[in-house]
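Peer 1: First the structure, which I've put down as structure tokens, then a few questions once you've had a look.
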Amino acid sequence: MADGANDSKDPCNCKTCAVNAAITDAVTQTNVKVVGEAPAMATGSLYQAQSHSLSVLFENAVQQQSQSAVQLPTSTNVGTMQLYTLGPASAGAAATEIGSNGVLSVLADVLALGRALA
């Protein structure tokens, strides 16, 4: 053994040794096990990704509701403050405008049309 490749005390040459059948069977069973579990692992990963997406969706919904709970009373308060800052002259002008061009004149026109058709 001049090349030093087979200097061990093993009398068997590795190129001619047969592999134990139990070892090949174990390797084959391991490969089959991995291939057999692949669909279950893929389904598990899919469920995990789906549940994460759903939890993010719920987090966003809660955040939006929280923002609405802050914004709606704030806008109501701002509108109320604007109403309180109106003077009596502007309130009277608005009432006159509503009466002449707004809802009351439209209702009067509807009544007149109803009387004309009857």
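Quick note on numbering: the numbering used here labels position 79 of the sequence shown as 80, and the sequence is numbered without any gaps.
Glycine included, each C-beta is placed from N, C-alpha and C at the ideal position.
#1: What separation, rounded to the nearest whole angstrom, lies between the Cα atoms of GLN65 and PHE59?
#2: Closer than 8 Å by C-beta to LEU47: which residues in its own chain qualify, once you throw out the five before and the five after it? Chain order, please.
#3: Excluding the 5 residues preceding and the 5 following THR97 in the sequence, name in chain order all residues of the same chain whose CB lies nearer than 7 Å to its CB.
#4: Would you kindly work out how many angstroms separate the C-alpha atoms of LEU55 and VAL63, rounded to a whole number?
#5: Straight-line CA distance for GLN83 to LEU112?
Peer 2: Put simply:
#1: Roughly 10 Å between the two C-alpha positions.
#2: No residues qualify anywhere along the chain.
#3: none
#4: 12 Å
#5: 35 Å
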